[in-house]
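Quick note: the sequence shown uses my numbering, first residue -4, plus one each step.
Cβ coordinates follow ideal geometry from the N, Cα and C atoms, glycine included.
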Amino acid sequence: MAARRRLPARVGQPALYDGRRLAASGDVVVVTINYRLGVLGFLDLSSLGSARRGFDSNIGLRDVLAALQWIRDNIAGFGGDPGNVTLFGESAGAGIVTTLLAVPAAAGLFGRAIAQSSPATSVYDRDRARRAAMCVLGKLGIGTSEVDRLVDVPIAAIITASKEVFDEVPVRNPGTLAFVPIVDGDLLDDYPVKVAQEGRSEPVPLIIGTNKHEAALFRLMRSPLMPITPHAITSMFTQIAAEQPDLQLPTEEQIGLAYSRIRRKARPLSIATDVGFRMPSVWLADGHRKVAPVYLYRFDYSTPLLKLLLVNAAHATELPYVWGNLGDPTTRRCDWAGSGPPRRFRKSADPMGQLRQAR
């Protein structure tokens, strides 16, 4: 191994994503990591701890940091280059990526980042996190002064309670999630979008973008996670404005003008896509470009089946192209992972490569 040229390391999604084709076509070592999710990764009990037992915050983020540290220390043994790591993720994974851009402890652990459909504003303060924690404890019959009892509760009961809270929170507060990274003043000092806009994010090249019809998947799944009714969308705007007042949210009049040419029935879906994914990505990109190159994209391609299902280029539909796990000959020709922008980005931090020079 020592005599061979070191390859760039790439950190990606959990192991259920098959990285063999990506590794074979991209001249890269692909590492997929697991981190604790939901209640196990992002239930914040740090404000409810006792002298006998304390609780860490942002456990899921700490898992990812531990994985990145392991890669730094060990990837050379697999032929990878610890000095050439690209961190990438989609949806919640992209949220981890954009959040780590604002985490000082992540400095130096990756040299490039790719965020696909990041809910970059879904990072909350401790008060909101405490309310979610109290909801979980309440369903388990545990008072806030009895948090120590939680370690004796069967994991199945904790998961059941967390699923109920996971579904209830976005219904009560449209556009919000129960278990997400929080501004804890320890690992994360401030909101990632604010950090980026102030020019304080980790100065690494970034690819960030969204899919054209993100919210359509949530409508198909009848998921409460993405508000698609006018009332729910208004509520989401109100809550974002209250929690992150530095963001320049459009007025109701501006929204009306911006979507006036879209069919009335389609407007809520378009607004939900923009507020939930596109606007946060643009806000973060606009700030991050102060410290490093940023490449903003939108994924529009839709297969005939996805068009038939009325989801089109919905949330997560780009993943087969990113990983190169494509079925039919037509989609196999769309080798975005093996020869497209991501590969060039891993090698030179410029996803356009010769395409830019040819113009």
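Item to check | Coil, strand or helix - L246 by DSSP | outcome: Rather than Leu, the amino acid found at residue 246 in this sequence is Thr. Coil at T246, not helix or strand.
Checklist entry - Name the DSSP beta bridge partners of V289, please? => result Answer by DSSP bridge pairing, in chain order: L201.
Item to check | Beta-carbon spacing of L212, A309 below 8 Å | outcome: Yes, they are a contact pair.
Next on the checklist: Just to check my reading of the structure: L38 and S117 have Cβ atoms closer than 8 Å, yes? What is that Cβ distance to the nearest angstrom?
Outcome noted: Their Cβ separation, rounded to whole angstroms, is 15 Å, which puts L38 and S117 out of contact at 8 Å.
Item to check | Nearest candidate by alpha-carbon position, reference G271, set V190, A61, K285, K207 | outcome: For the residues V190, A61, K285, K207, the minimum Cα distance to G271 belongs to K207.
Item to check | Length at least 4, wholly inside the region 122 to 193: the alpha helix (DSSP H) runs in chain order | outcome: Here the runs fully enclosed are 150 to 167, 187 to 192.
Checklist entry - By how many angstroms is the C-alpha of P169 removed from the C-alpha of T246? => result If I take the Cα positions, the gap works out to 18 Å.
Item to check | D76: first and last residue of the uninterrupted alpha helix (DSSP H) it sits in | outcome: D76 -> not in any alpha helix (DSSP H); beta strand (DSSP E) instead, spanning 75 to 85.
Checklist entry - Counting along the chain, where does the alpha helix (DSSP H) carrying V270 start and finish? => result Bounds of any alpha helix (DSSP H) do not take in V270, whose DSSP letter is neither H nor E.
Checklist entry - Exposed or buried, which one is E85 when buried takes at least 16 other CB atoms within 10 Å? => result Here E85 is buried, its C-beta having at least 16 other C-beta atoms within 10 Å.
Checklist entry - So, using beta-carbon positions, are L2 and V23 closer together than 8 Å? => result Using a Cβ distance threshold of 8 Å, L2 and V23 count as a contacting pair.
Next on the checklist: Can you tell me which residues form a DSSP beta bridge with I109?
Outcome noted: In the DSSP output, where bridge partners are listed per residue, I109 has F83, I202.
Item to check | Cβ pair count under 8 Å reaching 3, the region 60 to 77 against the region 100 to 107 | outcome: Contact between the region 60 to 77 and the region 100 to 107 is present, because at least three Cβ pairs lie under 8 Å.
Checklist entry - Quick one: is I223 buried, meaning 16 or more other Cβ sit within 10 Å of its Cβ, or exposed? => result It is buried - the Cβ of I223 has at least 16 other Cβ atoms within 10 Å.
Item to check | Cβ separation of P219 and P263, assumed to be a contact under 8 Å, to the nearest whole Å | outcome: Between the beta-carbon of P219 and that of P263 there is about 14 Å, and that puts the pair past the 8 Å contact cut.
Item to check | Member of A237, N29, Q111, T81 whose CA lies at the smallest distance from the CA of Y316 | outcome: For the residues A237, N29, Q111, T81, the minimum Cα distance to Y316 belongs to Q111.
Next on the checklist: DSSP three-state label for P240, please.
Outcome noted: Here P240 sits in coil by DSSP.
Checklist entry - Under the DSSP definition of a beta bridge, which residues are partnered with F294? => result DSSP, once it has assigned bridges, lists N206 as partnering F294.
Checklist entry - Taking DSSP as the reference, what is the three-state secondary structure of P99? => result The three-state secondary structure of P99, taken from DSSP, is helix.
Checklist entry - Is there contact here, the region 283 to 290 with the region 247 to 257, by at least three beta-carbon pairs under 8 Å? => result Below 8 Å, too few C-beta pairs join the region 283 to 290 and the region 247 to 257 to call them touching: fewer than three.
Checklist entry - Terminal residues of the continuous beta strand (DSSP E) containing V24? => result Taken as a continuous stretch (DSSP letters only), the beta strand (DSSP E) holding V24 covers 24 to 27.
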